[in-house]
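Residue numbers (the working numbering), protein chains in the order written: chain A, 1 to 146; chain B, 1001 to 1146; chain C, 2001 to 2146; chain D, 3001 to 3146. Note that the Cβ used here is the ideal one computed from N, Cα and C, for glycine as well. Only a predicted model underlies this, so the values are computations on that prediction, with no experimental measurement involved.
There are 4 protein chains.
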Amino acid sequence: MITITRLDAADADTLIAGAVAQADDLRVPMCIAICDEAGQLIAFRRMDGGKITSSTIAIDKAFTAAGAKKATHEYGAISQPGAPAYGIQSAIGGRLMVVGGGLPVVMNGDVIGGIGVSSGTPDQDRQVAQAGIDAFQRSIRQAPAK
Amino acid sequence: MITITRLDAADADTLIAGAVAQADDLRVPMCIAICDEAGQLIAFRRMDGGKITSSTIAIDKAFTAAGAKKATHEYGAISQPGAPAYGIQSAIGGRLMVVGGGLPVVMNGDVIGGIGVSSGTPDQDRQVAQAGIDAFQRSIRQAPAK
Amino acid sequence: MITITRLDAADADTLIAGAVAQADDLRVPMCIAICDEAGQLIAFRRMDGGKITSSTIAIDKAFTAAGAKKATHEYGAISQPGAPAYGIQSAIGGRLMVVGGGLPVVMNGDVIGGIGVSSGTPDQDRQVAQAGIDAFQRSIRQAPAK
Amino acid sequence: MITITRLDAADADTLIAGAVAQADDLRVPMCIAICDEAGQLIAFRRMDGGKITSSTIAIDKAFTAAGAKKATHEYGAISQPGAPAYGIQSAIGGRLMVVGGGLPVVMNGDVIGGIGVSSGTPDQDRQVAQAGIDAFQRSIRQAPAK
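This is the structure:
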């Protein structure tokens, strides 16, 4: 057997709250999804005005980042024409996302989940996802015995 | 043009909080999804221990209840062998749910969204969905000027 | 965070070997799939002569048993016409299996994975899945310090 | 009628064992899939730590290599912008893989199956797939009367 550590529902709330605060600062309503380390959805929020096309994209960015243990913008770089992973963006029925905005959540070197953000530019999405992770990292440092 | 009234993200929080409280009372961790009146996902939560097979089921129950303006258990009755809607459970790639636990959210006679719950028995799922709606109705009465 | 225990690749080998031995006894070549507790595929084997239509069915039985923490034949009973979960067999794009042959793998009361078997009658499939679990349980007792 | 020669379950074990040994050497846990000449899955293994996003990708690489009788990296070259097979990577619901790591298994000039590997870089995936084929070829030479 293997023992795994993963995000719980309270962690997902913290990640979403951090992302929402950043999205509010940017004045861009976002779709935000949190997956566990197995790529399974834990929580989702579409802010008022978030794009309905972004729901699935946010969920799939979180799935990709958690499952592949890689930021989606890294896939963006290596899936360009001529690059080694060209074509990967159509894989898994199109669920493998190579557009920025999906980040793995890492603790002690292990991927324990993923966050995916969509509705802004890829740079905005990535910034909002990072803000979610920053909020989560702060919450861990404030409650080290958790 | 048509003007539509629908649930917003804060309403979704209220619905989920009411459902979570009931699920805690039942000691059954649930997947809970909220859709707007167009059947589009607003919010989702998988409580710690909620079944991963229930994520899609909860989302599709909310989608069905909001979009078809009907409780999913009502579809359960009319989709039995020999009944008029027999076979409807396979429609929309299997997204049309006929198992109890999906309820439309209604205000002034209009469907403004849907809630879908899954992980318990269909009766438990329905009870938890109703608790979400009850919490939402209380929040409206307490804030009549909204 | 949550800490989870799940099947590893060596456990999957043990489960498959136990199932294959029973399938050989029955002289029915089977498709056998092992998922982790999150419903993600770990291992699959189609024995020579196993049905190609059974590959997806075996994988989805393992997914259902692991993810829903329930034997697929239990869903068979509660999804009959007039029963509470009628219609659930079309859920998740048809991945939720209600035909016997999918069993959760349980240790210390926790579901740590699932096994799915297909190609025989549902009773044969279930018998072969159980033989896989029996082999796994024996392996744990023989190596308690693992 | 046509008589077909294809990989059997024991061959699949040999292919996977060869691939796993190479993956261990590279210290990259991999997902490895073996299909028969009809593109149908025979065997699959996700090594401990293999990416869950790579399960479907490995299966689809094996499917593509066996069914199209071509290495997936060859499709990578001819599906670049401006090249003759541009766009093929979205075909078959995204199952046609153009990223390296899928190789046909050939005997006496006939394709008798395929191996697909995913979780590393495309070069690592391809190297591991080749190691599986090498092990299979050695096993044939050692048992010429098979």
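- For K1051/B and R3138/D, the gap between their C-alpha atoms comes out near 45 Å.
- Per the Cβ contact rule, the segment 1091 to 1100 of chain B is in contact with the segment 1055 to 1070 of chain B (3 or more Cβ pairs under 8 Å).
- Closest option to G49/A, judged by alpha-carbon separation, among I1042/B, K1070/B and P1081/B: I1042/B.
- Pairing I3133/D with D11/A, the inter-Cα distance amounts to about 44 Å.
- Interface criterion not met: the Cβ of A135/A is under 7 Å from no Cβ in chain C.
- Using a CB distance cut-off of 7 Å, Q40/A counts as an interface residue toward chain B.
- In terms of CA proximity to S54/A, S119/A leads the group F44/A, R141/A, A143/A and S119/A.
- One Cα belongs to M1030/B, the other to P3104/D, and the distance between them is close to 45 Å.
- Within the segment 33 to 109 of chain A, complete beta strand (DSSP E) segments of at least 3 residues are found at 41 to 46 and 102 to 107, given in chain order.
- Annotation: V111/A to I2002/C spans about 13 Å, alpha carbon to alpha carbon.
- Listed along chain C is no residue with a C-beta nearer than 9 Å to that of M97/A; the closest approach is about 18 Å.
- Take the alpha-carbon of G2109/C and the one of T2005/C: they are about 11 Å apart.
- For S118/A, the beta-bridge partners assigned by DSSP are C31/A.
- For the C-beta of P1081/B, the chain C residues within less than 8 Å are, from N- to C-terminus, P2081.
- Residue pairing by DSSP puts I2004/C in a beta bridge opposite I4/A.
- Spatial neighbours of A1066/B in its own chain (CB-CB distance under 8 Å, excluding positions within 5 residues in sequence) are listed in chain order as C1035, D1036, E1037, A1038, G1039, P1104, V1105, V1111, G1113 and G1114.
- At a cut-off of 7 Å between beta carbons, G2101/C makes no contact with chain B.
- As DSSP reads the structure, V111/A sits in a beta bridge with V106/A.
- In the three-state scheme derived from DSSP, where H, G and I count as helix and E and B as strand, A2143/C is classed as coil.
- With contacts defined by Cβ atoms closer than 7 Å, G101/A and A129/A form a contacting pair.
- Going by C-alpha positions, G76/A is about 23 Å away from T3064/D.
- Nearest CB-CB separation between I2004/C and chain A: below the 7 Å threshold.
- In this model, Q2089/C and D2013/C are separated by some 29 Å (Cα to Cα).
- The beta-carbon of M47/A is placed no less than 7 Å from the nearest beta-carbon of chain C.
- Sorting D2125/C, A2083/C, G2082/C and Q2142/C by C-alpha distance to the C-alpha of R2027/C places D2125/C at the top.
- Between the alpha carbons of D24/A and A33/A lies a distance of about 16 Å.
- Annotated as proximal: I78/A and A85/A, with beta-carbon spacing under 7 Å.
- Ranked by Cα distance from H73/A, the options G82/A, A19/A and D123/A are led by D123/A.
- Of all residues in the segment 45 to 74 of chain A, only T64, G67, A68 and K69 place a beta-carbon less than 7 Å from a beta-carbon of chain D.
- For G1116/B, the closest alpha carbon among the candidates P1081/B, R1045/B and A1143/B is that of R1045/B.
- When CB distances to chain B are screened at a threshold of 7 Å, the residues of the segment 1 to 29 of chain A falling below it are D8 and A9, in chain order.
- For M1047/B, same chain residues with a beta-carbon under 7 Å away, outside a window of 5 residues either side, are V1020, A1023, P1029 and M1030 in chain order.
- With fewer than 16 neighbouring CB atoms inside 10 Å of its own CB, G2082/C falls in the exposed class.
- In its chain, beyond the 5 residues on either side, A3131, G3132, D3134, A3135 and F3136 have a beta carbon closer than 7 Å to the beta carbon of G3018/D.
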